[in-house]
Amino acid sequence: MSRLWLNLAFQVLRILLRVCLLKVIWTAVYAGQGVVDGVALGQVIAFITLAQLQVWVMSPLVADYIRERVREGKIALDLARPAPFLGQLLAHQLGGTASLLPFVLLAVPLAFELGGLVSPASLAAGLLYLVSFVLGYFVSVLIGLVIGLVGFWTLQTQGVIAIYLYVSQFFTGALVPLGFFPAWLRRVADLLPFQAQAFIPLSLYMGNVAPKEIPRALGVQLVWVVVLIAIAWLMWRRAIRRVVIQGG
Amino acid sequence: MRSLSIAASLWLAGLRGGMEYRADFLLTMLFGFVREATGFVLIWVILARFAAIARWTLGDVAFLYGLRVTMHGLVGLGTGNLWGPESRVRQGEFDRYLVRPASPLLQVLTERVPLSAFGEVLGGPALFLAANQLVHVDWTPWALLYLLFALVGGALLEPAIRVLIVSLSFRALRVTGLMAIMDDIFSDFGTYPLGIFSAALQFVLTFGIPVAFTAYFPAAVLLGRTAALQVPPIVAYCAPLAGVLWMAFALAVFQHELRHYTSAGH
Amino acid sequence: MSIIRLDNVVKEFRSPKRHPGLTGAVRTLFTRQYDIKQAVAGISFSLDAGELVGYLGENGAGKSTTIKLLTGILVPTSGQIEVAGLVPWKARERNTLNIGVVFGQRSQLWWDLPLIESFRLVAKMYRVERHRYERNLDRFRELLGLDEFLTVPVRQLSLGQRMRSDLVAAMLYNPRINYLDEPTIGLDVLAKEQVRIFIEEMNREQGATIVLTTHDLGDFERLCRRVLLIDRGKLLYDGSLERLQAEYAPHRLLVVQFVPEAIARAQAEVLGAAPMIDMPGVEIMKQEEGKVWLRFDPTATPAPALIASIAARYPISDLAIAEPDLEPVIRQIYAERRVRV
Chain A
1 MSRLWLNLAF QVLRILLRVC LLKVIWTAVY AGQGVVDGVA LGQVIAFITL AQLQVWVMSP
61 LVADYIRERV REGKIALDLA RPAPFLGQLL AHQLGGTASL LPFVLLAVPL AFELGGLVSP
121 ASLAAGLLYL VSFVLGYFVS VLIGLVIGLV GFWTLQTQGV IAIYLYVSQF FTGALVPLGF
181 FPAWLRRVAD LLPFQAQAFI PLSLYMGNVA PKEIPRALGV QLVWVVVLIA IAWLMWRRAI
241 RRVVIQGG
Chain B
1 MRSLSIAASL WLAGLRGGME YRADFLLTML FGFVREATGF VLIWVILARF AAIARWTLGD
61 VAFLYGLRVT MHGLVGLGTG NLWGPESRVR QGEFDRYLVR PASPLLQVLT ERVPLSAFGE
121 VLGGPALFLA ANQLVHVDWT PWALLYLLFA LVGGALLEPA IRVLIVSLSF RALRVTGLMA
181 IMDDIFSDFG TYPLGIFSAA LQFVLTFGIP VAFTAYFPAA VLLGRTAALQ VPPIVAYCAP
241 LAGVLWMAFA LAVFQHELRH YTSAGH
Chain C
1 MSIIRLDNVV KEFRSPKRHP GLTGAVRTLF TRQYDIKQAV AGISFSLDAG ELVGYLGENG
61 AGKSTTIKLL TGILVPTSGQ IEVAGLVPWK ARERNTLNIG VVFGQRSQLW WDLPLIESFR
121 LVAKMYRVER HRYERNLDRF RELLGLDEFL TVPVRQLSLG QRMRSDLVAA MLYNPRINYL
181 DEPTIGLDVL AKEQVRIFIE EMNREQGATI VLTTHDLGDF ERLCRRVLLI DRGKLLYDGS
241 LERLQAEYAP HRLLVVQFVP EAIARAQAEV LGAAPMIDMP GVEIMKQEEG KVWLRFDPTA
301 TPAPALIASI AARYPISDLA IAEPDLEPVI RQIYAERRVR V
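Residue numbers (my numbering), protein chains in the order written: chain A, 1 to 248; chain B, 1 to 266; chain C, 1 to 341.
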């Protein structure tokens, strides 16, 4: 039990370290200019800090679970019984997130102090954030599921997860605000689900979304949830078919 | 000479072991490469918008990045397995290394060679060469020699820290996670020209955890940027030496702490 | 000329005194008080080259610690150790060239590689020249039936296969001394027998000195003439197995089966409590259906005499002599925590 806590504590440390680093980098990048492209340094730092915390809370635990099942050779059984398996996955994910929460709470005051985290732009923003966060959480769970299923074919989930973590951070704007992306890269970011996963909730929190854009933003998240469910379902069926042909 | 041959055999065995373990060699290599590439794209995006960071331009930063990634790849090839042993010390599995006629450290290092390091060893120099198009470095024979020394010396620094951490675990101290943090520090903080950090932090990253000596100082020397450093230029020039000194220190500590090894368990 | 010598060796383990509770946990961080556990509390013995010795003791008695001291893994708190002329913890790497070690619970082979690769690496590390390597390998393959799994990665081997492989790896370079720590643990009957035969052969053929630590009394009875019994860090007994048995279990058992015609007469006499056998130290343990179990003291009445005496009076159809069980002997020794020899 204490080994788990120690592990999580170290994770918090790593995140705070990264947040501090990003803060230093952006301060240096701004080189004294208070505002660039209409974005204040303080906003950039706050955004990044929250984004980093979010990435952590939304880690793809489901992918890890599937990876273990693949490794143990039990995945065939799981795929054949979708309902209980999905139940197990959800339990694993929620359980994992629950054990993170005390540490997240621990990290928040530190994030305010060291990382320049700020409160939500308004009460409305805060409430919208919660709704959007839940949607984003679903998106991340589904992405985790898809990644896990990819591991069924490549047997290499670990590498895929690693890449996902870096790439998702990047395209979420957790390292560089999307506003600073060159236009073509911005378009790429728009096509990826990471917008729905993290960028939209974050923008709502910071109050960066105009009121008339809000329904559209939440809509985008919903669309991605549906799309990902479809993708996951297709992959699931493919996987089952392969299991049946190969005999697991 | 015979011990060199034994070391080579063990390393090859570790490599083969790694390949048996990983289903797809190429895929693993790719992952290592992509991981570093993503880190670079970050800087590239920043510098595409902001022209310079602490007066270092994109070319300078790419130069530094390529150098660091190459070193990290070498570190991975040589000591990638060093993440494992401190838990092995706790579980008393270290015994098997102590009853064989070879350095226990060597045995641990060669047990499995992480293939992702190959991705870095290929990607790093590629980036470095690309960066050379953007900067003006006078590649005299001396400069080339210095580069070689810098690579070796720089690649010794992170392993030295890892060996020190493993040595700590002989005293039954819990150092889980410390390795990961160290890797983060070397990778994340070492990616940027240290000029962006406060003077105090720079000091810590130079004489505390020797990140500065890894790639920053050698890059500064080769790019002719030693004037802006916090330390006298001569220190930067001697960066490769730091690697050797730190490693010698770490090995000495390791040997000394080996005495305190109490193999736990049965 | 002894090849292994221990002289009053002591090994203590220090651990910080733990205080209970939350404040106690904080205190523990700052404490300067230590609990001292004496795993080995002054052991002395010496072995000659070529001996096959059994090292017996309960869990936590100090068996493994002694082996680790002998192999140079641990440094003794006090006392002298000399193995083949070297002090193990001082000349650790040189000492390893003289010894082979098998840890029953953990393999020393390269987990992911085919078995044969591990052997080649061992040969390389111990500087075994090709000719000797191949000769040894052929002999061991024959003795232990390795051919069927030589190319299998070690991690896929069954326990029995892995144990045999570890043994081979330990003997491949003909070390002068072998420490075998629970080499038959978890093996089935067949595999155990194979391993025991192998150990016996190595001792006989190559004159290897073998220190066998085990819980398995079957190993013991089969292989060892000399016993070292350790309990709570102290050596309780150092001597021959026979002497131990003679002292604690001097009696042997004779089981006699009478021919059907004689059964009735024998039974009547037994039931009648007429002395069936008028010889010293002979006692009837039980009888059923024409079979009688007789316990006798071979020093008082040698087996041949007893058998002759019975056969003279009753026609016998079958008989058997059983060795006493070692287990009650050992249990008794532990119970008394000392040895009266």
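Beta carbons are placed, not taken as given, at the ideal position from N, Cα and C, and that holds for glycine.
(request) Return the residues of the segment 116-137 of chain C that lie within a Cβ-Cβ distance of less than 9 Å from chain B, sorted by chain order. (result) Glu117, Ser118, Arg120, Leu121, Val122, Lys124, Met125, Tyr126 and Arg127
(request) For the segment 100-118 of chain A, enumerate the residues whose C-beta is nearer than 7 Å to any C-beta of chain B, in chain order. (result) none
(message) Please report the straight-line C-alpha distance between valine 128 (chain C) and threonine 96 (chain C), rounded to a whole angstrom.
(response) 14 Å
(request) Apply the 10 Å Cβ neighbour rule to lysine 68 (chain C) and answer buried if 16 or more other Cβ atoms are within range, or exposed otherwise. (result) buried
(request) With DSSP as the reference, label proline 82 (chain A) as helix, strand or coil. (result) helix
(request) Determine, using beta carbons only, whether arginine 171 (chain B) comes closer than 8 Å to chain C. (result) no
(message) Restricting to Cα atoms, I'd like to know which of A:Gly34, A:Tyr205, A:Ala40 and A:Leu222 is closest to leucine 123 (chain A).
(response) A:Tyr205
(request) Report the rounded CA-to-CA distance for phenylalanine 194 (chain A) versus glycine 42 (chain A), giving the unit in angstroms. (result) 23 Å
(request) Give the single residue among C:Glu247, C:Phe119, C:Leu172 and C:Gly290 whose Cα lies nearest to the Cα of alanine 262 (chain C). (result) C:Gly290
(message) Just to confirm, is the Cβ distance from proline 183 (chain C) to valine 102 (chain C) under 8 Å?
(response) yes
(message) Please identify, using Cβ separations under 8 Å, the residues of the segment 182-211 of chain A that lie next to chain B, in order along the chain.
(response) Pro182 and Leu185
(request) Within the same chain, show all residues whose beta-carbon is closer than 6 Å to that of glycine 281 (chain C), passing over the 5 residues directly before and after it, in chain order. (result) Phe296, Asp297, Ala300 and Thr301
(message) For the pair the segment 172-185 of chain A and the segment 27-39 of chain A, tell me if three or more CB-CB distances fall below 8 Å.
(response) yes
(request) For tryptophan 236 (chain A), I'd like the list of residues in its chain whose CB is within less than 8 Å of its CB, leaving aside the five on either flank, ordered along the chain. (result) Leu79, Pro82 and Leu149
(request) Give me the Cβ distance between leucine 202 (chain A) and glutamine 52 (chain A), rounded to the nearest whole Å; I'm assuming they're in contact under 8 Å. (result) That pair is no contact at about 11 Å.
(request) Classify glutamine 105 (chain C) as buried or exposed, calling it buried when 16 or more other Cβ atoms lie within 10 Å of its own Cβ. (result) exposed
(request) With a threshold of 16 other CB atoms inside 10 Å of the CB of proline 240 (chain B), please say whether the residue is buried or exposed. (result) buried
(request) Show which residues of chain B have a CB atom less than 7 Å away from the CB atom of tyrosine 164 (chain A). (result) Within 7 Å Cβ-Cβ: nothing; tyrosine 164 (chain A) doesn't reach chain B, min ~11 Å.
(request) Starting from threonine 213 (chain C), follow its DSSP beta bridges and name the residues at the other end. (result) C:Tyr55 and C:Asp181
(message) Looking at arginine 16 (chain B): is its Cβ nearer than 8 Å to the Cβ of threonine 191 (chain B)?
(response) no
(message) Can you confirm whether aspartate 184 (chain B), when its beta carbon is compared against all beta carbons of chain A, has any partner nearer than 8 Å?
(response) yes
(request) State the Cα-Cα distance for the pair leucine 144 (chain B) and tyrosine 179 (chain C), rounded to the nearest angstrom. (result) 53 Å
(message) Between isoleucine 116 (chain C) and leucine 150 (chain C), how many whole angstroms is the CB-CB distance? I'm expecting something under 8 Å.
(response) 5 Å
(request) Could you please give me the residues that DSSP links to isoleucine 321 (chain C) through a beta bridge? (result) C:Leu254
(message) Below 7 Å on C-beta distance, what does glutamate 93 (chain B) contact in chain C?
(response) Arg106
(request) Ignore the nearest five residues each way along the sequence and tell me which others in isoleucine 43 (chain B)'s own chain have a CB closer than 6 Å to its CB. (result) Val61
(message) Could you compute how far the alpha carbon of arginine 14 (chain A) sits from the alpha carbon of leucine 8 (chain A)?
(response) 10 Å
(request) With distances taken Cα to Cα, identify the nearest neighbour of leucine 122 (chain B) among B:Trp139, B:Gly73, B:Glu257 and B:Tyr146. (result) B:Gly73
(request) Consult DSSP for proline 153 (chain C) and reduce its assignment to one of helix, strand or coil. (result) strand
(request) Compare the beta carbon distance of alanine 120 (chain B) and glycine 208 (chain B) with 8 Å and say whether it is the shorter of the two. (result) One point to set straight first is that residue 120 (chain B) is glutamate, not alanine, in the sequence displayed. For glutamate 120 (chain B) and glycine 208 (chain B), no; Cβs fall outside 8 Å.
(request) State the beta-bridge partners of serine 2 (chain C) as determined by DSSP. (result) C:Asp48
(request) For leucine 178 (chain B), I'd like the list of residues in its chain whose CB is within less than 7 Å of its CB, leaving aside the five on either flank, ordered along the chain. (result) Ile165
(message) I'd like to confirm the pairing. Which residues does DSSP put opposite leucine 15 (chain C) in its beta bridges?
(response) According to the sequence provided, residue 15 (chain C) is serine. The question's leucine does not apply to it. Answer by DSSP bridge pairing, in chain order: C:Asp35.
(request) Compile a chain-ordered list of the residues in the segment 9-41 of chain B whose CB is closer than 8 Å to at least one CB of chain C. (result) Ser9, Leu10, Ala13, Arg16, Gly17, Gly18, Glu20 and Tyr21
(request) Using beta-carbon positions only, say whether phenylalanine 63 (chain B) and valine 135 (chain B) come within less than 8 Å of one another. (result) yes
(message) Within 8 Å of any Cβ in chain C, is that where the Cβ of alanine 102 (chain B) sits?
(response) yes
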